[in-house]
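I have placed the structure first, in the form of structure tokens, so that the comments after it can refer back to it.
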Amino acid sequence: MATLSQLEAMQAYFESGITKTSTFRQEQLKKLKRCIEKYEEDIYAALYSDLKKSKEECWVTETGIVLSELKLALKNLKLWMTREPVKTNLLNVPSSSFILKEPLGVVLIIGPWNYPFQLLLNPLVGAIAAGNCAVLKPSEFAPATAAVMKKIVEETFDKKYVLYAEGDGAAVIPAMMNHFRFDHVFYTGSTSTGKIIYKMAAEKLVPVTLELGGKSPCIVEADANIKVAARRIAITSFSNCGQMCVAPDYILVHQSKKAELIDALKRSLQDFFGSRPQEHENYGKIINEKQFDRLVKFLSEGTIAHGGGYDKAALFIEPTILDNIQTGGAVMKEEIFGPILPVLSFTTKEEALKIIANNKNPLAFYVFTSSATKEKEWLEKVAFGGGCVNNASWHLTNHHLPFGGRGFSGTGQYHGKATFDLFTHRKSVMKTPTWFDPAMKYPPFKGKLKLFKWILG
Ligand code: NAD
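What follows is the structure, encoded as structure tokens:
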């Protein structure tokens, strides 16, 4: 954990201006990239130990994402940092106007355990690119990955610049936030902890980005390509054992296609993970016993259409499809965040919308349809963070699409340039020459109303 004097040293370091030059920022990004590449095998081993992720999955969802963000930031840094000229309105002619890009200061980045590497270091890339100092708080529940990241961060950066603060979040974070005013807090994790962070930040008027969870619905219309839908839903619903913030949380399929979709999902699961998923190299494990116990309770809230097996000693839960969901059960109230996929059906859009409305502002929303009209209707009717048409979860891997929730699923967006923007203050400036100083701008104003209306109208 970080002491007050360490945090004050970071503030002084930031105020010295050293982190603000493009050369410094570029150097730090390059150092981080080199160190991640150096420890690539250690990262794989750590993620295997914490979550049983294969190297390929680690690359696509963790290291590869961070390295591609680093590449993008290095390529565009100077452009992103450049002052932005904007127009000036008639009232202020002949002034000129521009926006300066300033770093925020010392920022706190708090990560969760499910993609422990990507979700801590991805925001760091933007924080560095934008010229900030950063304190990194990893999740205590992915300890092997936390240890490798500590090695990377401490080998790469001066502690006055990027500080690694481990420990129990409930103790470490208030200890820092109550005594030190961060310039921004970037938090990824559960909605309940998000509220605690938001309250602490509000006490000191610290701006926040909250990347939270929620129940992300997945609509499958009668006109969807069921075979493709099943494959695309199955892969992201059960990747990392469903411990993914944007995994389809439940399916709402048109009644006429329910049986066909369930059959196709079963076939996909068999194709992907075989008949013994526990032994399959591409099937992960539940992070810990607490999450395991929480998930197993959901299994009795419907009929098992596929899977349903589990082994506590191995923290294994089979990829499971739940049918005939009990109304009012926890499985349709809480975010599932595990390898259990309820399949519900609808006959009218209103019926489906009513179910979605029980968990407002999903982080993600997916619709499978071949109709442009239906696609448009669904995208407009549901207030969600981001999503896909005829796909699931992959939107977050496109860094041109700002990623984030809304309302209950979070506030603020990042990825790619959006991360740089998030950690940047856009300082608006107007510059006015002195050679023109019209009397109409000064009292007496009497008789100038018509002129003002013309200029401002
Ligand atoms: P969590 O809230 O338990 O923990 C997240 C972080 O908060 C950890 O670093 C933890 O140490 C810290 N923390 C925990 N209790 C705290 C407290 N009382 N005070 C201060 N800090 C505290 O979340 P988690 O279980 O690690 O992550 C799972 C959740 O995160 C799911 O809801 C998931 O949907 C969400 N999530 C969201 C995104 C996204 O991008 N929106 C990504 C991944 C996960």
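Letter by letter, the sequence shown follows residues 537 to 993 of the numbering used here.
We put the CB at the ideal spot given by N, CA and C, even for glycine.
Quick test of the definition: if touching needs 3 or more C-beta pairs under 8 Å, does the stretch 836–848 touch the stretch 859–868? yes
With Y723 as the anchor, note down where its alpha helix (DSSP H) starts and where it stops. First-last for Y723: 720–724, but that is the beta strand (DSSP E), not the alpha helix (DSSP H).
Mind checking whether P674 and L660 have CB atoms under 8 Å apart? no
Local Cβ density within 10 Å of M966, reported as buried at 16 or more and exposed below that: exposed
Is there contact between the stretch 780–800 and the stretch 752–768, where contact requires at least three CB pairs shorter than 8 Å? yes
Do C777 and G820 come within 8 Å of each other at the CB atom, strictly closer than that value? yes
Please return the same chain residues whose Cβ sits closer than 6 Å to the Cβ of G725, not counting the five positions on each side in sequence. P648
Under the three-state DSSP convention, the category C777 falls into: helix
So is the beta-carbon of F988 under 7 Å away from any non-hydrogen atom of ligand 1? no
Under the three-state reduction of DSSP, which class applies to R717: helix, strand or coil? coil
Within the stretch 738–788, ranges of the beta strand (DSSP E) (whole runs, at least 3 residues): 744–747, 753–756
Inspect the beta-carbon positions of P630 and F972 and report whether they are closer than 8 Å. yes
Alpha carbon to alpha carbon, what distance is there between E577 and A800? 36 Å
If we count the other Cβ atoms within 10 Å of its Cβ and call it buried at 16 or more, is D807 buried or exposed? exposed
According to DSSP, is R812 part of a helix, a strand, or is it coil? coil
Whose C-alpha, out of Y549, K763, N658, is nearest the C-alpha of L904? In the sequence on display, residue 904 carries Phe and not Leu. Closest by alpha carbon: K763.
Can you give me the Cβ contacts of S633 inside the same chain, cut-off strictly under 8 Å, excluding the 5 residues immediately before and after it? P621, V622, K623, T624, S964, V965, M966, K967
Would you list the one or two residues that DSSP bridges to R962? K637
Would you identify the three-state DSSP class for T970, choosing helix, strand or coil? coil
Using 10 angstroms around the beta-carbon of F981, count the other beta-carbons present and answer buried if the total reaches 16, otherwise exposed. exposed
Spatially closest choice to F944 from T955, L899, T933, G922, by CA coordinates: L899
Output needed for V689: all residues of its chain with C-beta closer than 7 Å, excluding positions within five of it in sequence on either side, in chain order. L672, V698, Y700
Closest to Q542 by CA distance: which of V642, E871, K637, T745 is it? V642
Where G922 falls, given that 16 or more other Cβ within 10 Å makes a residue buried: buried
Boundaries (first-last residue) of the beta strand (DSSP E) holding Y902: 900–904
Would the C-beta of K673 count as close to ligand 1, meaning under 7 Å from any of its heavy atoms? yes
In chain order, what residues of the same chain have a beta carbon less than 8 Å from the beta carbon of E702, not counting five sequence neighbours either side? M537, K673, P674, E676, A682, K686, V708
Spell out whether any CB of chain B is found under 8 Å from the CB atom of A682. Considering every chain present, this structure includes no chain B. It has just one protein chain.
With DSSP as the reference, label P679 as helix, strand or coil. helix
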